[in-house]
Amino acid sequence: MGYRETYEASLRDPEAFWLEQAKAIDWDQAPTRALDESKAPLYEWYPDAMGNTCYNCVDRHVAAGRGDQAAIIHDSPVTNSKTTITYSELLDQVSRLAGVLRGHGVLKGDRVVIYMPMVPEALVAMLACARIGAVHSVVFGGFAAKELAVRLDDCAPKAVIAGSCGIEPGRVVEYKPLLDEAIELAEAKPDICLILQREAALASLMPGRDFDLHDEMGRADPAECVPIAATDPLYILYTSGTTGQPKGVVRPSGGHMVALHWTMKNLYNVEAGDVYWAASDVGWVVGHSYICYGPLLAGCTTIVFEGKPVGTPDAGTFWRVIAEHKVRTFFTAPTAFRAIKREDPKGEFVGKYDMSSLQALYFAGERADPDTVNWAGEMLGVPVIDHWWQTETGYAIVANPLGLEPQPIKVGSPTVPMPGYDVQILSPEGEQMGAGELGAVAIKLPLPPGTLPTLWNAQERYLKSYLTTFPGYYETGDAGMLDEDGYLYIMARTDDVINVAGHRLSTGAMEEALAGHPDVAECAVIGAADTLKGQVPVGFLCLSKGVNRPEAEIVAECVAKVREEIGPVAAFKSAVVVDRLPKTRSGKILRGVMVKIADGTEWKMPATIDDPAILDEIGDALQRIGFAKG
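full-length UniProt numbering numbers the first residue of the sequence shown as 1 and each following residue consecutively.
Here it is as structure tokens:
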């Protein structure tokens, strides 16, 4: 079947469709049913199945005779080191760490917090938890002690697995003091902490609580896989909530295996033995789905990259990794390419490497503006595939399924809905909008397998956050439109659709216009409060390296460009040049905080911000153009 037939089959008969996809997984007890609707709108998938994610990621590939194949390549320009781990070696390490956890009393259903840099041991820790049925919660390495404490209290882990430090360009971030402070602050104290000692900053260990990870693994008895129910949680991943209290997204074990395995061939067009690289971090959902679980489920080689798109050592580091390791499919955030484009606008580094292995580039995490997509395509000469998904879903909602049937690319759209996702555009009143009309992007229930069934210890919050605004639908929080061909366009978060004198306008469309200016490397548009019009758009412009023209001239051209492309109705009159934009560590621009600064209202420092000092710069820039006076 092609794309259209596959998609329609998934909506017409989800029971038959998802039972068929489940045959690709090795089960201890294979499912006889796919969907349990008895607790709707709290749906469950594969209610009678039993299996183990670690077995499907590691053991079965060794059993199939592929133990000598590379499972993980660790490429670390910040430490100038490279390491390859085969599937057989991975099986040994994972089963030993699982044995360490079991030996310290960690059992099926217990929680384990993982607080690690981008090292292979992070994946080993995740898989070891999955092996014995423990529920892992990965927290971004170097996360602030207070925020880590909040997560410890929410999931109450029996154990923590942490690195002694993380290594950033030009600096070492010691993790252990942050972990100690977090445990001091938290009411829920772990029984043990397993510490990966790194030479850049060795940690002091507290007797009786802290243990050297490698020492423990060296003397542990290997642990076998424990069968767990498909509906049991594999992991909890915290995503920031509007209340300041993080939301613990729960990932069900069985549906997660089925869905991710399906995406590897059908969406990313990779199979066992191919090299797959997602340049993300294990602290984010991309790191869970496409650094760890997805590639290993499919028997691919996955790359764990410890570096940055620029500065480690230059804007060609991505191309070196692709060439050296013969990467077939590459997945990163558009913000990484904007950083590369800003440093190397002509793409001079690209020509230095043989990247003939690369078949496609995938973007996700932040809206991919056409200018960045076009630049990447011109530089690399491969299809550039934008796809859209969320922490909550765990894999693509809308994408271009290269391995199933490639769809024509429409730059600016992440293409078409994936199987199981009945995507609709709704008005604030819940009515379906017509083609080309902007509205809230919602997904008709039930969501497909592997998506969140609830939030950790917060079922009412789950219902309120996602299922209440539009009964019978999952509310994505994004705004967009569907065209006459069924292609989705994500224009902004729902909160970023601004109301200018009664007109609902997309900040994303304005950003698209600004990004098309030849001197603009990156940009953001927010809606600031205005007594006359309700809201007015304000633009922030980061200029390409080597631009020496007067800023006022560039700003004037950008204002004219928006007025020409969007129209006078946009009332776009204010823009300012800044050196950089405030972002989370995953590359998302913190537009909500920028709005509060512009309006002079109270705001809280986001836990996920990459560099807090940027917000002072944003405040100064806004004051220069008459905002942020509160």
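Just so you know, even glycine gets a beta-carbon here, dropped at the ideal spot from N, CA and C.
Next item on the list: Any chance you could list the beta strand (DSSP E) runs of at least 3 consecutive residues sitting entirely within the segment 351-434, in chain order?
Entry: 360-363, 384-386, 422-426
Next item on the list: For residue 243, name the three-state secondary structure that DSSP assigns.
Entry: Counting from one through the sequence shown, the residue named residue 243 turns up at place 243. Reliability fails at residue 243, whose pLDDT of 49 lies under 50, so the model's placement of it is uncertain and no value is given.
Checklist line | Residues near residue 50 by beta carbon distance below 8 Å, same chain, minus five either side | finding: Within the sequence shown, the letter at position 50 stands for residue 50. If we look at residue 50 and ignore the five residues flanking it on each side, its Cβ neighbours are 27, 28, 29, 227, 228, 229, 230.
Next item on the list: Report the residue from 430, 356, 376 whose alpha carbon sits nearest the alpha carbon of residue 363.
Entry: Numbered from its first residue, the sequence shown carries residue 363 at position 363. Considering only alpha carbons, the answer is 376.
Next item on the list: Under the assumption that residue 573 contacts residue 559 (Cβ atoms under 8 Å), give the Cβ distance between them as a whole number of angstroms.
Entry: Position 573 of the sequence shown, counting from 1, holds the residue named residue 573. Position 559 of the sequence shown, counting from 1, holds the residue named residue 559. About 6 Å separates the two Cβ atoms, so the contact holds.
Check: Among residues of its own chain, excluding the 5 on either side of residue 466, which ones have a beta-carbon nearer than 6 Å to its beta-carbon?
Finding: Counting from 1 along the sequence shown, the entry for residue 466 is found at position 466. When the five nearest sequence neighbours on each side are left out, the beta carbons in the same chain lying within less than 6 Å of the beta carbon of residue 466 are those of 474, 475, in order along the chain.
Margin query: Quick test of your reading: residue 564 and residue 369, contact by CB under 8 Å. State the CB separation rounded to the nearest angstrom.
Written below: Taking the sequence shown and counting its residues from 1, the one referred to as residue 564 is at position 564. Taking the sequence shown and counting its residues from 1, the one referred to as residue 369 is at position 369. The pair is not a contact, with the Cβ atoms about 17 Å apart (cut-off 8 Å).
Notebook entry, point to check: For residue 122, which option in 46, 213, 171 has the closest C-alpha, if you only look at C-alpha atoms?
Noted result: As a first step, residue 122 is located in the sequence shown; it is residue number 122 there, counting from the start. Residue 213 is the option with its Cα nearest to residue 122.
Notebook entry, point to check: Which of the three DSSP states, helix, strand or coil, is assigned to residue 307?
Noted result: On the sequence shown, residue 307 is found 307 positions in, with the first residue counted as 1. Coil at residue 307, not helix or strand.
Note to self: Please list the terminal residues of the continuous alpha helix (DSSP H) segment that includes residue 156.
What the structure shows: As a position in the sequence shown, residue 156 is number 156, starting the count at 1. Element bounds for residue 156: n/a, residue is neither H nor E.
Checklist line | contact_flag[the segment 157-170, the segment 102-118] where n(CB pairs < 8 Å) is 3 or more | finding: Under the 8 Å Cβ criterion, the segment 157-170 counts as touching the segment 102-118, having at least three qualifying pairs.
Next item on the list: With a 10 Å radius around its C-beta and 16 neighbouring C-beta atoms as the bar for buried, classify residue 468 as buried or exposed.
Entry: For this step, residue 468 is matched to residue 468 along the sequence shown. Around the beta carbon of residue 468, a 10 Å sphere encloses fewer than 16 other beta carbons of the protein chains shown; the residue is thus reported as exposed.
Notebook entry, point to check: For residue 283 versus residue 77, is the C-beta spacing smaller than 9 Å?
Noted result: Counting from 1 along the sequence shown, the entry for residue 283 is found at position 283. Counting from 1 along the sequence shown, the entry for residue 77 is found at position 77. Not closer than 9 Å, so no.
Notebook entry, point to check: In three-state terms, what does DSSP make of residue 6?
Noted result: Looking up residue 6 in the sequence shown gives position 6. In this structure, residue 6 counts as helix in the three-state DSSP scheme.
Checklist line | Span of the alpha helix (DSSP H), counted from its first residue to its last, around residue 257 | finding: Here residue 257 corresponds to residue number 257 of the sequence shown, with the count starting at 1. Segment 253-266, the alpha helix (DSSP H) holding residue 257.
Check: Any contact of the segment 386-399 with the segment 347-364, i.e. 3+ C-beta pairs under 8 Å?
Finding: They touch, by the three-pair rule.
Next item on the list: Identify every residue that forms a DSSP beta bridge with residue 211.
Entry: One-based indexing of the sequence shown puts residue 211 at position 211. Looking at the DSSP assignment, residue 211 forms a beta bridge with 194.
Margin query: Quick check on the DSSP output: what are the complete alpha helix (DSSP H) runs of length 4 or more inside the segment 78-142, in order along the chain?
Written below: Within the segment 78-142, the complete alpha helix (DSSP H) runs of at least 4 residues fall at 87-103, 120-132.
Next item on the list: With a cut-off of 8 Å on the beta carbons, I'd call residue 163 and residue 217 a contact; round off their distance for me.
Entry: Against the sequence shown, residue 163 aligns to sequence position 163. Against the sequence shown, residue 217 aligns to sequence position 217. Not a contact, Cβ separation roughly 15 Å.
Item checked: Selection from 607, 603, 540 that minimises the alpha carbon distance to residue 631 -> Lying before the first or after the last residue shown, residue 631 is absent from the chain, which here runs from 1 to 630.
Notebook entry, point to check: Which runs of the alpha helix (DSSP H) spanning at least 4 residues fall entirely within the segment 526-582, listed in chain order?
Noted result: 551-565
Item checked: DSSP bridge partner residues for residue 489 (one or two, in chain order) -> Stepping through the sequence shown from its first residue, residue 489 is reached at position 489. The partner list for residue 489 (beta bridge, DSSP) reads 481.
Next item on the list: Count the C-beta pairs between the segment 11-25 and the segment 86-103 that are closer than 8 Å, then say yes if the count reaches three, no if not.
Entry: no
Next item on the list: In the DSSP assignment, find the alpha helix (DSSP H) that holds residue 13 and state where it starts and stops.
Entry: For this step, residue 13 is matched to residue 13 along the sequence shown. Here residue 13 belongs to no alpha helix (DSSP H), and DSSP marks it neither H nor E.
Note to self: Quick check on this structure: which residue in 219, 205, 195, 151 has the alpha carbon closest to the alpha carbon of residue 189?
What the structure shows: For the purposes of this step, residue 189 is taken as residue 189 along the sequence shown, with counting starting at 1. Selected option, being the one with the closest Cα: 151.
Next item on the list: Would you kindly report the start and end of the unbroken beta strand (DSSP E) that includes residue 27?
Entry: In the sequence shown, the residue the question calls residue 27 occupies position 27. 27-29 is the span of the beta strand (DSSP E), which, as asked, contains residue 27.
Notebook entry, point to check: Taking one C-beta from the segment 434-445 and one from the segment 471-491 each time, how about it: are there three or more such pairs within less than 8 Å?
Noted result: yes
Margin query: Looking at residue 305: is its Cβ nearer than 9 Å to the Cβ of residue 321?
Written below: Residue numbering aside, residue 305 sits at position 305 when the sequence shown is read from its first letter. Residue numbering aside, residue 321 sits at position 321 when the sequence shown is read from its first letter. Yes.
Notebook entry, point to check: Do you know offhand how far residue 340's Cα is from residue 315's?
Noted result: As a position in the sequence shown, residue 340 is number 340, starting the count at 1. As a position in the sequence shown, residue 315 is number 315, starting the count at 1. Between residue 340 and residue 315, the C-alpha separation is close to 5 Å.
Next item on the list: Note the first and the last residue of the continuous beta strand (DSSP E) segment covering residue 66.
Entry: In the sequence shown, the residue the question calls residue 66 occupies position 66. Counting along the chain, residue 66 falls outside any beta strand (DSSP E), and DSSP gives it neither H nor E.
Notebook entry, point to check: Between residue 521 and the rest of its own chain, which residues show a CB-CB distance below 7 Å, the 5 nearest in sequence each way excluded?
Noted result: Along the sequence shown, one-based indexing puts residue 521 at 521. Closer than 7 Å at the Cβ level, and outside the excluded window around residue 521, lie 338, 341, 342, 542, 543, 544.
Note to self: I need the boundaries of the alpha helix (DSSP H) containing residue 592, first residue and last residue.
What the structure shows: Start at 1 with the first residue of the sequence shown, and residue 592 comes out as number 592. Segment 591-599, the alpha helix (DSSP H) holding residue 592.
Next item on the list: Report the option in 584, 69, 286, 270 whose CA atom is closest to the CA atom of residue 298.
Entry: Taking the sequence shown and counting its residues from 1, the one referred to as residue 298 is at position 298. Checked all of 584, 69, 286, 270; the closest Cα to residue 298 is 270.
Notebook entry, point to check: Hey, would you say residue 47 sits closer than 9 Å to residue 446, going by beta carbons?
Noted result: Here residue 47 is taken as the residue at index 47 of the sequence shown, counted from 1. Here residue 446 is taken as the residue at index 446 of the sequence shown, counted from 1. Not closer than 9 Å, so no.
Notebook entry, point to check: In whole angstroms, what separates the C-alpha of residue 623 from that of residue 394?
Noted result: Numbered from 1 along the sequence shown, position 623 holds the residue referred to as residue 623. Numbered from 1 along the sequence shown, position 394 holds the residue referred to as residue 394. The straight-line gap from Cα to Cα measures roughly 40 Å.
Next item on the list: With a 10 Å radius around its C-beta and 16 neighbouring C-beta atoms as the bar for buried, classify residue 531 as buried or exposed.
Entry: Taking the sequence shown and counting its residues from 1, the one referred to as residue 531 is at position 531. Answer is exposed; the Cβ neighbour count stays below 16.
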